[in-house]
Structures are given as structure tokens and as C-alpha cells.
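In full-length UniProt numbering, the protein residues as written are 1 to 435.
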């Protein structure tokens, strides 16, 4: 799997100046910030996402966006496309005049994963830097560790990749939003795919975190609704060193197919399954968004041939991919880049609609700018409509979005993919559904 990890100092930023805030402690200097895309202000904190709304404090006239995305840890392979999506959005926002006639200030930090406290330290620094909106985290488990600190500070959090159903009814004070759909939809699509492929007795190998348990539960519900069943659900710790016993237990359950729900542990899991005689050449195997990646350097050619997987997100246009590559020429995967782009644009549009850059004000307009008005697909186009007094409906690169009052997309697309001889995945279908 290509894991081109890049530390804070190595991340390439084009077109917009940015600053990577140190994720770990050390030193007493205040976090600095640099410009990235303009702003506007006026607020009504009427968002109904969550059960208690944050206190209303007007913004300072400068929109400050921070990223809490993985540069290290088990999801580091998702970092480059997500950072590129944010950066491209900021480039477009600035080129269109930014917010309130000024460039957006951009602070970049590492989220790490749940095995460290990097995310908490990064959030502390972002809050100290007077950040209005935080794009992240990618991991549902990481977001669980910082959501209270973020929303408690009156900062809006918009995740481009959190899919755990737990966030839908989380008491987030109206300040948590996401551009990736809840795993209610991905679970439904995976369950339907298994049934379509005539697999009724299915085993799941599940990461022990909110993402893993939530997705597994929804796959099971969908499968059982169609007459299938889970014959074994083997849960593993994120820090697990070996998977031999899990593979052995899965083999003993005699499933017709296996769904692997995890992150970078997938390489070891597949190796253990091969050793037990239930590798991809013997057993239909399915991946999900957390482990659908390029494994061309991890396995001999043909190892994963036929493996299928699901990934939230509509088809990414060639033009959008080329623009992302202009931001980061080293990109080999584009997962969640559209969602990251859309999260950033929606924050800026909501700030413009509210005429206030405070987190609470931005949150109060997120649903409004995402549905019900005149459709628009580019920041400048949408901003011009807002400035003319027109209600807008931003449809992004990730899909129609259409936020619910709880901060979830109500419409989304799930891609179905299949691996070839090169251990890389290609799309075979897209399924669009409502939540």
C-alpha cells in the first residue's frame, strides 16, 4: 500500500501560504498563522445540529480555518489527498476574493491517530490561534477524542471523512458537521453487494473503534434484512501485533465471504488469511473505505485480484484530479479529497451568508447554503449569488451534500471498486442513496 507519509515540515503548499502548527508540545511561542482565503460576517446561531447551541460571540472579521488531518498514524495515507483538497479550495476561495475582502488564515496540524494524544495537542494550538473552523479529523475515533474540546470552544468542526453513525445525534452544540455520509449508507451498500454476489454467510473482521463497530453493525443489518447472516465477527485492537488467531477463527466459521474493516492493519490481516488458506484466491474478500488503497508494493502481483470494496464519494472528474495534482504532484490516491474541498468551501460560503466568521455563525448557515436554493458549484459563482441576495444550494465535487439539521449529508454516493492483477482498485459502479 502506498503510504507516502509526510511530516509537518515536508507538506507542499502551492498558491496559498500556510503554516503547519506543531502537533506536539515544546516551546512556548504562540502558534502563528498565514493567509489562505477571504471572508465576510453577521450571525444568527440557529443551527439545530446537536442538542445545545454554543454561545454566540461575533467573529473578528478574519476567517481562520485549521486542518486536523493525518500526517502520522494509521490513516496517514489519507492525509495527502485531504490536505490537497483543502488547499485547492483555499486557492479557489482566495482567487475569488476570499472572505470579507481578506485571505482566509490557514493553520495546518496533524491529527495522528487514537494511539497518541497528538490530536488533542493540535486542537489546543488551533484554538489558541483563534481558529473559527477546523476541517477534520479523518478518523471517527480521533474526532471522538476532540469533539467536546472543539465545540466547547465555539469552533465549528467539519469532518471530510468521519462516517461513524454515532455523530448524528451527538450533543455537539450545533457545531459538528461532515461531508462524508454516515456508515448507515455504506453499510447498506455493502450488505446489498454481498447479497448481490450471493454470499449469505459472511464473516467480518472489525477494528475496535467507533468507525469499525458502526460500519459492521450497519453491514450486518443490511445483510440480515436480505436473508443473510454474520457467522463470525472478530474484533481486533488497533495495536494488535498479529492476526493469526483471528484468521484461524474466521476460517473455522466457514463463511462464504469475509469483510475486512480496518486501516493499515489490512496488510497483516490478508497475510494471516492467506496463511490459513482463506486468502483472496480462495475466499471472496471485501474492503471498506478505511482500507481501500493501493497495495501494489505490499503484495505480489495478483494477490488481491477480485477483491471488492466500497468508498463514499461520487466519481472524481479528470479535471479535478489534475487540479489536485497541481497542488500536490505526488498524489497517488484521491480518497476524500472532494469531501475535504467541499468542507472548506461550505465553511467559507456559510461565513459569507452569515456575514460573520465566528464558529457559531458559520454553523448557523451550513445547512442553508447546502440545500434548497439556486444550485451552484463553484465558490465564486455561489458567492456572487449570495452577494446578490439569492439563497444558494452548493453542490460539490463529493456530491449534492444537502445537510440535515444534525449536520449529516442527506444524499450521498458510494462507489464500488474491484482490484486487478496490479493490486490497485478501479471503479465498477456508483450507488447514490438518501439518508
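Each residue gets a CB set at the ideal place from its N, CA and C atoms; glycine is no exception.
Every value quoted in this text rests on a predicted model; they were computed, and no experiment measured them.
So, under 8 angstroms CB-CB, residue 136 and residue 120 are touching, yes? Tell me the CB distance rounded to an integer number of Å.
Position 136 of the chain shown, counted from the start, is the residue given in the question as residue 136. Position 120 of the chain shown, counted from the start, is the residue given in the question as residue 120. Actually they are not in contact, since the Cβ atoms of residue 136 and residue 120 sit about 13 angstroms apart, beyond 8 angstroms.
Meets three-Cβ-pair contact criterion under 8 angstroms: the segment 316–329 and the segment 75–84
Yes, the segment 316–329 is in contact with the segment 75–84.
Validate contact between the segment 358–367 and the segment 337–345 using beta carbons, cut 8 angstroms, 3 pairs:
The segment 358–367, when compared against the segment 337–345, does not touch it at the 8 angstroms Cβ threshold.
Quick one: give me the first and last residue of the alpha helix (DSSP H) that residue 213 is part of.
Residue 213 sits at position 213 when you count from the first residue of the chain shown. Here the alpha helix (DSSP H) through residue 213 covers 210–225.
Our contact map puts residue 64 next to residue 132 with C-beta atoms below 8 angstroms; I'd like the distance itself, whole angstroms only.
For this step, residue 64 is matched to residue 64 along the chain shown. For this step, residue 132 is matched to residue 132 along the chain shown. Going by Cβ atoms, the distance from residue 64 to residue 132 rounds to 5 angstroms, so yes, they are a contact pair.
DSSP state of residue 294 mapped onto helix, strand, coil
Looking up residue 294 in the chain shown gives position 294. In the structure shown, the three-state DSSP call for residue 294 is coil.
Span of the alpha helix (DSSP H), counted from its first residue to its last, around residue 171
Within the chain shown, residue 171 is the residue found at index 171, counting from 1. Looking at the DSSP string, residue 171 is not in any alpha helix (DSSP H), and its letter there is neither H nor E.
Please identify the residue among 76, 157, 247 whose C-alpha is closest to the C-alpha of residue 359.
Indexing the chain shown from 1 puts residue 359 at position 359. Comparing Cα positions, the closest option is 157.
I'd like to know if the segment 220–237 and the segment 285–300 are in contact, where contact means that at least 3 CB-CB pairs between them fall below 8 angstroms.
Verdict: no, contact absent.
Applying the 10 Å Cβ sphere with the 16-neighbour rule, what's the burial state of residue 204?
The residue given as residue 204 occupies position 204 in the chain shown. So residue 204 counts as buried.
Select from 255, 417, 244 the residue whose C-alpha is nearest the C-alpha of residue 430.
For the purposes of this step, residue 430 is identified with residue 430 of the chain shown, where counting begins at 1. Restricting attention to 255, 417, 244, the CA atom closest to the CA of residue 430 is found in 417.
Distance check for residue 420 and residue 171, CA to CA, integer angstroms please.
For the purposes of this step, residue 171 is taken as residue 171 along the chain shown, with counting starting at 1. For the purposes of this step, residue 420 is taken as residue 420 along the chain shown, with counting starting at 1. In a straight line, the C-alpha of residue 171 is about 43 angstroms away from that of residue 420.
Check for me: the alpha helix (DSSP H) holding residue 284 runs from which residue to which?
The sequence position of residue 284 within the chain shown is 284, counting from 1. Segment: none, residue 284 is in no alpha helix (DSSP H) and carries neither H nor E.
Does DSSP put residue 161 in a helix, a strand or coil?
Within the chain shown, numbered from 1, the residue matching residue 161 stands at position 161. Note: residue 161 maps to coil in three-state DSSP.
Identify, in the order they occur along the chain, each residue of the same chain with its Cβ nearer than 7 angstroms to the Cβ of residue 434, setting aside the five sequence neighbours on each side.
Here residue 434 refers to the residue found at position 434 when the chain shown is read from its first residue. If we look at residue 434 and ignore the five residues flanking it on each side, its Cβ neighbours are 410, 411.
Put residue 68 into one of helix, strand or coil per three-state DSSP.
Walking along the chain shown from the start, residue 68 turns up at place 68. DSSP, read as helix, strand or coil, puts residue 68 in strand.
Rounded to whole angstroms, what's the CA-CA distance from residue 274 to residue 280? Just pull it up for me.
Here residue 274 corresponds to residue number 274 of the chain shown, with the count starting at 1. Here residue 280 corresponds to residue number 280 of the chain shown, with the count starting at 1. The C-alpha of residue 280 is placed about 7 angstroms away from the C-alpha of residue 274.
Burial state of residue 179 (16 or more Cβ within 10 Å):
In the chain shown, the residue the question calls residue 179 occupies position 179. The residue is buried, with at least 16 neighbouring Cβ atoms inside 10 Å.
Simplified DSSP assignment, three categories, for residue 437:
Here the chain comprises residues numbered 1 to 435, so residue 437 is not present and cannot be evaluated.
Please determine if the segment 95–109 and the segment 307–321 are in contact, where contact requires at least 3 C-beta pairs separated by less than 8 angstroms.
In short, these stretches do not touch, since the Cβ pair count stays below three.
Between the beta-carbon of residue 401 and the beta-carbon of residue 370, is there less than 9 angstroms?
Taking the chain shown and counting its residues from 1, one reaches residue 401 at position 401. Taking the chain shown and counting its residues from 1, one reaches residue 370 at position 370. In this structure, residue 370 lies closer than 9 angstroms to residue 401 by Cβ.
From residue 160 to residue 336, what distance separates their C-alpha atoms?
Along the chain shown, one-based indexing puts residue 160 at 160. Along the chain shown, one-based indexing puts residue 336 at 336. Across the structure, residue 160 and residue 336 are spaced so that their CA atoms are roughly 6 angstroms apart.
Assuming residue 392 contacts residue 407 under a Cβ cut-off of 8 angstroms, what Cβ separation, rounded to an integer in Å, is found between them?
Reading the chain shown from its first residue, position 392 is the one you call residue 392. Reading the chain shown from its first residue, position 407 is the one you call residue 407. Rounded to whole angstroms, the Cβ separation of residue 392 and residue 407 is 18 angstroms, and the two are not in contact under 8 angstroms.
Would you kindly report the start and end of the unbroken beta strand (DSSP E) that includes residue 411?
Taking the first residue of the chain shown as 1, we reach residue 411 at position 411. Note, residue 411: beta strand (DSSP E), 409–419.
Measuring CB atoms only, is the segment 193–203 touching the segment 225–236, in the sense that at least three cross pairs come out at less than 8 angstroms?
At 8 angstroms Cβ cutoff, the stretches touch.
Residue 162 classed as buried or exposed, judged by whether at least 16 other C-beta atoms fall within 10 angstroms
Stepping through the chain shown from its first residue, residue 162 is reached at position 162. That one is buried.
Boundaries of the alpha helix (DSSP H) in which residue 117 is found, first to last residue
If you number the chain shown from 1, residue 117 lands on position 117. Taken as a continuous stretch (DSSP letters only), residue 117 belongs to no alpha helix (DSSP H), as it is neither H nor E.
Just how far apart, CA to CA, sit residue 77 and residue 293?
Position 77 of the chain shown holds residue 77. Position 293 of the chain shown holds residue 293. If I take the Cα positions, the gap works out to 8 angstroms.
List the whole-angstrom C-beta distance separating residue 269 from residue 259, where the pair is believed to meet the contact cut-off of C-beta under 8 angstroms.
In the chain shown, the residue the question calls residue 269 occupies position 269. In the chain shown, the residue the question calls residue 259 occupies position 259. Not quite, the Cβ-Cβ distance comes to about 11 angstroms (not below 8 angstroms), so this is no contact.
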